[in-house]
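Undergrad: UniProt numbering puts the first residue of the sequence shown at 444, with every later residue one more than the last.
C-beta: ideal position from N, C-alpha, C; glycine also.
Since the structure is predicted, the reported quantities are computational estimates derived from the model, not experimental observations.
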Amino acid sequence: IELGDEGDESDWSVRPPVVTVMGHVDHGKTKLLDAIRDANVIEGEAGGITQHIGAYQVATQVDGEERKITFIDTPGHEAFTAMRARGSQSSDLAVLVVAADDGVMPQTIEALNHAKAAGVPIVVAINKIDKPEADPTKIRGQLTEYGVIPEEYGGDTMFVEISAKSRINIEGLLEAVVLTADASLDLQANASQDAQGIVIEAHLDRGRGPVATILVQRGTLRVGESIVAGPAHGRVRAMIDEYGHEITEATPSRPAMVLGLSAVPGAGQSFLVVEDDRMARQIAEKREARERAAQQAKRRV
Ligand code: GDP
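(1) Classify residue 646: buried if its beta carbon has 16 or more other beta carbons within 10 angstroms, exposed otherwise.
(2) Looking only at its own chain, which residues have a Cβ that is under 6 angstroms from the Cβ of residue 544, when we skip the five neighbours before and after it?
(3) Residue 706: which of 718, 715, 727 and 696 sits nearest, CA to CA?
(4) Taking Cβ positions, are residue 541 and residue 569 nearer each other than 8 angstroms?
(5) Applying the criterion that 16 or more other CB atoms from any shown protein chain within 10 Å of the CB defines a buried residue, is residue 739 buried or exposed?
(6) Where does the unbroken beta strand (DSSP E) through residue 669 begin, and where does it stop?
(7) In chain order, which beta strand (DSSP E) runs of at least 3 residues are fully inside the stretch 639-719?
(8) Return the Cβ separation of residue 730 and residue 674 in integer angstroms, given the expectation that the two are a contact with Cβ distance under 8 angstroms.
(9) Tell me the residue span of the beta strand (DSSP E) that contains residue 466.
(10) May I have the straight-line CA-CA distance separating residue 634 from residue 604, to the nearest angstrom?
(11) With a threshold of 7 angstroms, establish whether the CB of residue 470 neighbours any heavy atom of the ligand GDP.
(12) Does DSSP put residue 621 in a helix, a strand or coil?
(13) Who are the near neighbours of residue 561 in its chain, counting only those whose CB is closer than 7 angstroms to its CB and skipping five residues on each side?
(14) Three or more C-beta pairs closer than 8 angstroms, one from the stretch 711-719 and one from the stretch 665-672: is that the case here?
(15) Suppose the cutoff is 6 angstroms on Cβ atoms and the five residues either side in sequence are ignored; what does the same chain contact list for residue 565 look like?
(16) Using the DSSP secondary-structure output, state which residues sit across from residue 628 in a beta bridge.
(17) What are the start and end residues of the alpha helix (DSSP H) that includes residue 605?
(18) Once DSSP output is grouped into helix, strand and coil, what is the label at residue 637?
(19) Using 8 angstroms for Cβ pairs, my map puts residue 480 next to residue 492. What's the rounded Cβ distance?
(20) Are the stretch 660-667 and the stretch 684-696 touching, with three or more C-beta to C-beta distances below 8 angstroms?
(21) Under the three-state reduction of DSSP, which class applies to residue 743: helix, strand or coil?
(22) Starting from the C-beta of residue 500, find all residues in its chain whose C-beta is less than 6 angstroms away, skip the five residues before and the five after it, and write them out in chain order.
(23) Please report the Cβ distance between residue 607 and residue 475, rounded to the nearest whole angstrom; I am assuming they are in contact, meaning their Cβ atoms lie under 8 angstroms.
(24) What residue range is occupied by the uninterrupted beta strand (DSSP E) comprising residue 510?
(25) Less than 7 angstroms separating the Cβ of residue 663 from some heavy atom of the ligand GDP?
(26) Residues in its own chain within less than 6 angstroms of residue 677 by CB, not counting five upstream and five downstream?
(27) Are the beta-carbon atoms of residue 460 and residue 622 separated by less than 8 angstroms?
(28) Along the beta strand (DSSP E) that carries residue 550, what are the first and last residues, could you check?
This is the structure we're talking about:
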């Protein structure tokens, strides 16, 4: 079964960018993801984003238009590492967080190299500007030395000064993400084909059985459809979004928690919709056998 976009271009439409937040430890990644989540107060959603499912989607106004962004929200970012290890391209864009008081550190460079290797554009969030010792100009200079040149210096990378803790300029950062995506990416997907995507995280829930947060990359996933996710398979019994609501379908770039799988798939594994349960089971068994063979081969080396 081939993965990819189907149909001609008339079937395609713009999908929201999928964003990961990277940077040195303690520079404010977790705080920033919290701030973005809290900034997304949509009318009628009294509780806001209440569920930590590994990813969430927010909306922001850019040039008077409502635009959506999906953030991968994984504590410790082990899911991101796992997805990278499996070679799955999970995000379109990276926000590189650099603390304005601390400056560029080893993990800043590491994150930068990962983004470069994956070919994803970055937006630099200079964080902690509320601190008296913050020196955003120093950060611009340091990153310029690594080839990340701010727009205001004639380069093509947007730098945004924020405070995740004091909630300063979070909207400005979201706008920079949308503008960077518009300028350097052509994010389109066919929402009418069978769904394909990746697993963000998964676990075994005592009451609900295997639970997996998936990210739809192409097509639309619907409750009742049969899917294969890594070595797991099953019919989608229910889908739950980051608001805790049950949803019946998930379109491109939408994350959702899926119930109904036979087992717990791994972060970064791909999923796809297949014709029926029987086919799903067959493919899942083949995948499992292949994975087992690969593991054994690895052990032999
Ligand atoms: P992570 O390791 O990158 O996820 O960093 P955290 O989000 O856990 O933040 C590390 C520490 O920096 C915590 O004590 C935060 O409260 C603090 N912090 C994060 N953002 C800001 C900020 O904008 N201003 C200040 N003053 N402190 C911040």
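TA: Inspection of the coordinates gives the following:
(1) It is exposed - the Cβ of residue 646 has fewer than 16 other Cβ atoms within 10 Å.
(2) For residue 544, where only same-chain residues beyond five positions count, the Cβ hits under 6 angstroms are 571, 574, 576 and 577.
(3) Closest option to residue 706, Cα to Cα, is 727.
(4) Yes, the Cβ-Cβ distance between residue 541 and residue 569 is below 8 angstroms.
(5) If you draw a 10 Å sphere on the C-beta of residue 739, you find fewer than 16 other C-beta atoms in it, and that means exposed.
(6) Start and end: 669-672.
(7) Fully enclosed beta strand (DSSP E) runs of 3 or longer: 639-648, 652-661, 669-672, 675-683, 698-704 and 713-717.
(8) Cβ-Cβ separation between residue 730 and residue 674: approximately 5 angstroms, consistent with a contact (criterion under 8 angstroms).
(9) The continuous beta strand (DSSP E) containing residue 466 extends over residues 461-466.
(10) When rounded, the distance between both Cα atoms is 35 angstroms.
(11) It does: the Cβ of residue 470 is within 7 angstroms (strictly closer) of some heavy atom of the ligand GDP.
(12) Here residue 621 sits in helix by DSSP.
(13) Contacts found: 532.
(14) Contact between the stretch 711-719 and the stretch 665-672 is present, because at least three Cβ pairs lie under 8 angstroms.
(15) Here the set comprises 537, 539 and 558.
(16) In the DSSP assignment, residue 628 forms no beta bridge with any residue.
(17) Looking at the DSSP string, residue 605 is not in any alpha helix (DSSP H), and its letter there is neither H nor E.
(18) Of the three classes helix, strand and coil, the one that applies to residue 637 here is strand, per DSSP.
(19) Contact holds; Cβ gap of about 5 angstroms.
(20) Enough Cβ pairs lie closer than 8 angstroms, so yes.
(21) Under the three-state reduction of DSSP, residue 743 is assigned to helix.
(22) So the qualifying residues of the chain are 511 and 513.
(23) With a Cβ gap of about 4 angstroms, residue 607 and residue 475 count as contacting.
(24) Where residue 510 is concerned, the enclosing beta strand (DSSP E) starts and stops at 508-515.
(25) Remark: the C-beta of residue 663 is outside contact range of the ligand GDP, defined as less than 7 angstroms to any heavy atom.
(26) The residues 703, 704 and 705, in chain order, have a CB closer than 6 angstroms to that of residue 677 in the same chain once the five nearest residues on each side in sequence are set aside.
(27) No, these two residues do not count as a Cβ contact at 8 angstroms.
(28) Note, residue 550: premise wrong, no beta strand (DSSP E); alpha helix (DSSP H) at 549-561.
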